[in-house]
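Residue numbers (the working numbering), protein chains in the order written: chain A, 869 to 1285; chain B, 11 to 387; chain C, 836 to 1206. What follows is one structure encoded as structure tokens, with my remarks underneath.
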């Protein structure tokens, strides 16, 4: 057992930190890893695009991908460090398709050579913004229930139907869309995945959805007789479920990123408590209740973060990440919500104030005269609600965890007489 | 980063599990709760022969030369088995401070015998105020010539009733800062003036009131430097909290396994109760509590083994387990229903031990205060 | 002990529920949240005509002589409807203060107009550093010749931007004094704060505002005790509002659990969802009992510091749990702006911060226990 960080890891981490110090705008308040910030505000989106290009220039996009497709064939531990450092700083620019298990990996594992040669180099050069077309109004937790039709007619698939909860779709260039290619097969057997170039394909309309935090960062996407070349099929026709399962089995990033990101907020709260004095002149950091509560969430975050290290270890040694990733996902959601609650408790009445987006870049000097921490805690409180729901609810995650523990399955209902 | 156990560690773990499974049935555990001594001398000898009691001590003193991380692996299994007896007191509260801070004479006089299972030790720290702070040390040791005279009462002293030597934390000088003026003394339990009264505790472990009435101790029996003993106490508190965390982890793991099995075995409404979604979710939450603790436990133990400062990491894991072990046992009781809170069932052994462990060397609030300090607040 | 409502109270509840169903669809609530004023004066007039604004005022001032408990029933319905507007400010903070502390002249000048819906009142208590700590007030009323000059900043003043009169709690030499200030007085500036959705809170700056003894409410240095009473009433009123909202949250969550199908079954058949609903009901029932009890005690003018703080502290925690579970059951649907759920989540957050947080009231409970 060895928890040490090697000198090479330390050196690369330092390099990434220095890159971020140099390239991020001064006093960068940090954006959350769910894309909602990046794509809700034009000024942040511009920073995101700029950072993407800078990352490409550093040869850090497609870090682990084969050189054949423009990648850099670097070891996985570097990719992990890059993801983690960028998340802690809340830096935009690393598109989710870059992450382990993202669209890049899907193309590598299931794409045709033509698809790989077409899209991967563009991704490496930072020329593409991605999105994912999974959820529909009736296909949330029950993903196999998707209805968006794709009919093969000659050289094209014709897509008709609707997707929802598409984060980043309105800014995206490319997304894998999960479609029903055969309505006569069992639910999950008739699913395919088709790559759609959103900006270039006619027939696609979007309606932005505003979240309770005020951010408008995801969309309903409507497909009206949309023609997509059949070459854009990812994997086999009606073989989409296998790809879904593969993608989910690689999925390690979401929970860990939530935990790393929320550390920034814990650190922010500690600073705030040290600098802010109560009415009696004593810093909040000396208030016993505040110390206890902040320490409590810090403990939760550290414990959970360590499981993230275990996850990395499993990923690096080829172990099975599924059950640990599940644990981290559950912990991530719950921990972020608890930090938000404690943050609001500490802010008291001031917790109510702040602009949409919750950072100083969005504040108005007049309107936000009394706003503290740029309204971050209010934003956090409203945005963390989705962390136990998005990308898989905690309830479904617990079902999976129980299955992994070997709990007996629910009996099938007796056939009606 | 490598989170896997070494081959040696795997072997230690397996052999410990097998040994304890056969030698420490729950009937013995329950017997020892009522027993005056609280341990079986023959079993103690066997553990000494296996090299367990001397595990973390230098080989030249009769020990095994292993690291704290290895001790933690052993302690996890001891927690799983609810092993009764003065192991933690002897090794962590007694042996480790002597090895770390004792003179050559003290080490030679104590450690080899300890490793052979011939000497039991403990530390008397807390007093009736029941706090783990320097200002709570009020038991006095007055210098008189080349002796000290100790007067006062210590409370919640683990295994004092069977210890041969007790490290007594006493106040030798009243300075401005309560952490100054504290001295550690190696005292014979049988020394004139030492009175031991066994307390009846929730977990049936042996905790005692120890009164000192004009107890004479030689200067040579000071452990470390006079008036500078608190630094040693702080280290021991860290070691003890981490060691206890290991026991808690092992216990929690056993409780989780018992619960899953019960979910498979117990049938109600014509189906195993583990097939009901809500119980599945309870068990999922329990497994998250248990699994997440293990990584942090090993990390803190590894840091301690490597000599890396880990005050925060120890407070994090003890603080976490203080609540998590309690949650897990409570949740398990919920799933077991009525059967779990009868003495016929093993679960209640763990429930009571979870509470005792929580209080041992700092409950969750105590650990959180340490974390707050380490965060710079 | 009787937890039931009287026939009159049931009628008031029904009338209010029907009124808001027609007058205030959630789409309008969301629209109003974006407007600076935040409410429609026409609706306010209708509410006055229904006798609601003057509900607890004596008939001689144009009121209906109803009890505080009756008022809380009405406020439950307002909470359920997420009704915006200066109701709590005007009635609980303003009208009841003038009624209790005002001279006959002051009462005659203010209350009938208020009951008719012609004027809006509020109260300025909290300050930037001293949220509800009168001992640390900095807004001072300095005495010179026949005047009092008030200077300083009050913060989180609800509805000050539409108020005609503001009751200000000031520091005077011997304690705390309340003044009734015309909002249009020279030296008074109100600025809207970028607060949570729906609620209107302001910074109010007093810059050498000149007042006389006749502007005092209740006399010199008599404010501190009254502040405690107004906080009790306001805290209970807030609890009642949130209670109404949380009942609605449970209703829509259970309905959604019946309607939403996943994996071939309504999600309400999954035990995890069922237990979420059960836990929400538990919390809701305990909130309801505690809030009604505290409201009754306030209504009966009984000493109730403990009960009020129990209700407010508990509501703060329970409302967070209930709204969180409401979100959990609804899935992604409900953290969208288009859905109604978030209105109640935000309502709960604002309520928790207002008139004493759970921590503040926890301290009061500790004191009342003798700690």
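By construction, the Cβ of each residue, glycine as well, lies at the ideal position given by its N, Cα and C atoms.
Just to make sure I have the definition right: I need the residues of chain B whose C-beta is within less than 8 Å of the C-beta of residue i. Which are they?
| i | result |
| --- | --- |
| residue 1039 (chain A) | Result: empty, since nearest Cβ-Cβ is about 35 Å, beyond 8 Å. |
| residue 1080 (chain A) | Near residue 1080 (chain A) there are no residues of chain B at all, since even the closest Cβ is about 26 Å away, more than 8 Å. |
Which residue wins for smallest C-alpha separation from residue i, given the options the options?
| i | options | result |
| --- | --- | --- |
| residue 979 (chain A) | A:1008, A:1061, A:1052 and A:905 | A:1061 |
| residue 1157 (chain A) | C:933, C:1083, C:1133 and C:1194 | C:1194 |
| residue 381 (chain B) | A:1270, A:1072, A:1161 and A:1125 | A:1161 |
| residue 1225 (chain A) | A:909, A:885 and A:936 | A:909 |
| residue 902 (chain A) | A:1232, A:921 and A:1253 | A:1253 |
| residue 1040 (chain A) | A:926, A:1004 and A:907 | A:907 |
| residue 957 (chain C) | C:988, C:1002, C:976 and C:914 | C:1002 |
| residue 1022 (chain C) | C:997, C:961, C:1204 and C:984 | C:984 |
| residue 1043 (chain A) | A:1154, A:1000, A:1236 and A:890 | A:1000 |
| residue 243 (chain B) | B:125, B:178, B:228 and B:29 | B:178 |
| residue 924 (chain A) | A:937, A:993, A:969 and A:989 | A:993 |
| residue 1090 (chain C) | C:1029, C:887 and C:1109 | C:1109 |
| residue 902 (chain C) | C:890, C:1038, C:1079 and C:1119 | C:890 |
| residue 252 (chain B) | B:82, B:280, B:51 and B:52 | B:82 |
| residue 888 (chain C) | C:1103, C:945 and C:868 | C:945 |
| residue 194 (chain B) | B:228, B:348 and B:349 | B:228 |
For residue i, go through chain B and note every residue whose CB falls closer than 9 Å to its CB, in chain order.
| i | result |
| --- | --- |
| residue 1162 (chain A) | 378, 381, 382, 385 and 387 |
| residue 1267 (chain A) | 287, 290, 291 and 294 |
Please work out which residues of its chain come closer than 8 Å, Cβ to Cβ, to residue i, disregarding the five sequence neighbours upstream and downstream, and give them in chain order.
| i | result |
| --- | --- |
| residue 1272 (chain A) | 1190, 1191 and 1194 |
| residue 878 (chain C) | 858, 859 and 920 |
Could you check whether residue j and residue i sit closer than 8 Å to each other, using their CB atoms as the reference points?
| i | j | result |
| --- | --- | --- |
| residue 1220 (chain A) | residue 1031 (chain C) | yes |
| residue 1169 (chain C) | residue 1146 (chain C) | no |
| residue 1006 (chain C) | residue 955 (chain C) | no |
| residue 959 (chain A) | residue 1264 (chain A) | no |
| residue 1004 (chain C) | residue 1058 (chain C) | yes |
| residue 1080 (chain C) | residue 914 (chain C) | yes |
Starting from the beta carbon of residue i, find every residue of chain B whose beta carbon is closer than 7 Å, and list them in chain order.
| i | result |
| --- | --- |
| residue 1106 (chain C) | 286, 287 and 288 |
| residue 1110 (chain C) | 288 |
| residue 940 (chain A) | Within chain B, no residue comes near residue 940 (chain A); the closest Cβ sits about 22 Å away, beyond 7 Å. |
Residue i versus chain A: which residues are under 7 Å apart at the beta carbon?
| i | result |
| --- | --- |
| residue 131 (chain B) | None at all; the shortest Cβ gap to chain A is about 29 Å. |
| residue 1011 (chain C) | None at all; the shortest Cβ gap to chain A is about 15 Å. |
| residue 968 (chain C) | 1147 |
| residue 225 (chain B) | None at all; the shortest Cβ gap to chain A is about 38 Å. |
| residue 305 (chain B) | 1174, 1175, 1177 and 1178 |
Under 8 Å between beta-carbons, which chain C residues line up against residue i? List them in chain order, please.
| i | result |
| --- | --- |
| residue 1257 (chain A) | 1162, 1163, 1166, 1167 and 1170 |
Could you name the residues of the same chain whose beta carbon sits closer than 6 Å to that of residue i, not counting the 5 residues immediately before and after it, in chain order?
| i | result |
| --- | --- |
| residue 1178 (chain C) | 917 |
| residue 883 (chain C) | 951 and 952 |
| residue 1080 (chain A) | 1250 |
| residue 940 (chain A) | 927 and 931 |
| residue 920 (chain A) | 961 and 994 |
Excluding sequence positions up to five away, which residues of its chain have a Cβ less than 7 Å from the Cβ of residue i?
| i | result |
| --- | --- |
| residue 997 (chain C) | 872, 921 and 955 |
| residue 1108 (chain A) | 1046, 1059, 1060 and 1061 |
| residue 949 (chain A) | 877, 880, 881 and 884 |
Quick one: which chain A residues come within Cβ less than 9 Å of residue i?
| i | result |
| --- | --- |
| residue 1203 (chain C) | Within chain A, no residue comes near residue 1203 (chain C); the closest Cβ sits about 18 Å away, beyond 9 Å. |
Can you list the residues of chain C that residue i reaches, using a CB-CB cut of under 7 Å?
| i | result |
| --- | --- |
| residue 1217 (chain A) | 961, 966, 991 and 1188 |
(request) Anything in the region 280 to 291 of chain B with a Cβ closer than 8 Å to a Cβ of chain C? List those residues in chain order, please. (result) 286, 287, 288 and 291
(message) What are the residues in the region 1044 to 1078 of chain A lying within 8 Å of chain B by C-beta distance?
(response) none
(request) May I ask you to list, following chain order, the residues of the region 329 to 349 of chain B that have a beta carbon less than 8 Å from some beta carbon of chain A? (result) 329 and 330
(request) With 9 Å as the limit, tell me which residues of the region 1229 to 1259 of chain A have their beta carbon closer than that to any beta carbon of chain C; keep them in chain order. (result) 1231, 1232, 1234, 1235, 1236, 1237, 1238, 1239, 1243, 1246, 1249, 1250, 1251, 1253, 1254, 1256, 1257 and 1258
(request) Closer than 9 Å, Cβ to Cβ, to anything on chain A: give me those residues from the region 1017 to 1036 of chain C, in chain order. (result) 1026, 1027, 1028, 1029, 1030, 1031, 1032, 1034 and 1036
(message) Using a Cβ-Cβ cutoff of 8 Å, what residues of the region 1163 to 1179 of chain A are near chain B? List them in chain order.
(response) 1163, 1164, 1166, 1167, 1168, 1170, 1171, 1172, 1174, 1175, 1177 and 1178
(request) Closer than 7 Å, Cβ to Cβ, to anything on chain A: give me those residues from the region 1182 to 1195 of chain C, in chain order. (result) 1184, 1185, 1188, 1192 and 1194
(request) Mind checking the region 886 to 916 of chain A against chain C and listing, in chain order, the residues whose C-beta falls within less than 8 Å of any C-beta there? (result) none
(request) Compile a chain-ordered list of the residues in the region 979 to 1011 of chain A whose CB is closer than 8 Å to at least one CB of chain C. (result) 1003, 1006, 1008, 1009 and 1010
(request) Would you list, in chain order, the members of the region 1137 to 1164 of chain C that have their beta-carbon closer than 8 Å to a beta-carbon of chain A? (result) 1155, 1159, 1162 and 1163
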